[in-house]
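Here this note's numbering is used: the first residue of the sequence shown is -5, the next is one more, and so on. Ideal Cβ placement from N, Cα and C applies to all residues, glycine included. Bear in mind the structure is a predicted one, so any value in this text is a computation, not a measurement.
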Amino acid sequence: MSTITRSLPRPSQDTILYAGILFNVELAALLAYGLLTPGTLVPARYTLYGLLWVNAGVLAVAKTDIAPASTRTKRRAALVAVGYFAALAVAGGLVTLASPHGGAGFRIGWLPPGWGPALIYGGETLNLILMPARVVGYVALAYLVYATVVDAAGAAVSGILGLLSCVSCSWPILASLATGILGSGSALAASATALSYDLSTLVFLATVALLYWRPFGR
């Protein structure tokens, strides 16, 4: 049976148990982060967004199986996934051009949980801003794109239809570019920053859902 489409499964007892354990572990981690580090848990919605990115990304990867395919097909799919991750990294701000007045070397950014602790590197040419939520989320999206391309290559007509769900792959890139443009003016900088978290989280979750369930293949 093709893995192009999936129905909404009922969670098993084990899944519910693991979810409960995960909830308690994350709650303890949040308290420790707020008490033992310079980081902050507010605004609360940013913390929620960060956890959504991490949990949705990990869950999607854990629940996605790669269809059997030739080595050649998997290599091509891997190239597509790597290219997609690179595009996300640039559009999403993981990799940026160095600022003439930026600091050099490594430092930690104590952002709200999920977004922080962020590993930040300032170089002569490029900057790296490795926020955990973005890294996990973009790796998950790239993996789902890889799985979709492999599936589509081996499932004939239904596979081609399933690949159409990859139209949604561009959403996170377009959302990042849109909020970046909005924030180019100083008067809009604060509102654009808030919008970027709201919009990017909505787009990320929608893209994960479409790439996982692939409704266009039905």
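Runs of the alpha helix (DSSP H) lying entirely within the segment 16 to 85 and spanning at least 4 residues, in chain order: 38 to 57 and 65 to 85. Scanning R128, A147 and R208 for the CA closest to the CA of F198 turns up R128. Check the Cα spacing between D145 and each of I10, K57 and T67: the tightest is with T67.
Using a Cβ-Cβ distance cut-off of 8 Å, the segment 87 to 101 and the segment 60 to 76 are not in contact, since fewer than three pairs of beta carbons, one from each stretch, lie closer than that value.
Fewer than three Cβ pairs drawn from the segment 37 to 53 and the segment 80 to 92 lie within less than 8 Å of each other, which leaves the two stretches out of contact. Taking C-beta atoms under 8 Å as the contact rule, W207 and V130 fail to qualify, at a distance of about 20 Å.
DSSP places R128 in the uninterrupted alpha helix (DSSP H) bounded by P126 to A147.
With respect to L21, G28 sits apart: the two C-beta atoms are not nearer than 7 Å.
Non-local beta-carbon contacts of G110 in its own chain, meaning distances under 6 Å to residues more than five positions away in sequence, involve G33, G103 and W104 in chain order.
Look at L204 here: in three-state DSSP terms it is helix.
Using a 10 angstroms sphere on the CB of I15, the tally of other CB atoms stays under 16, which defines it as exposed.
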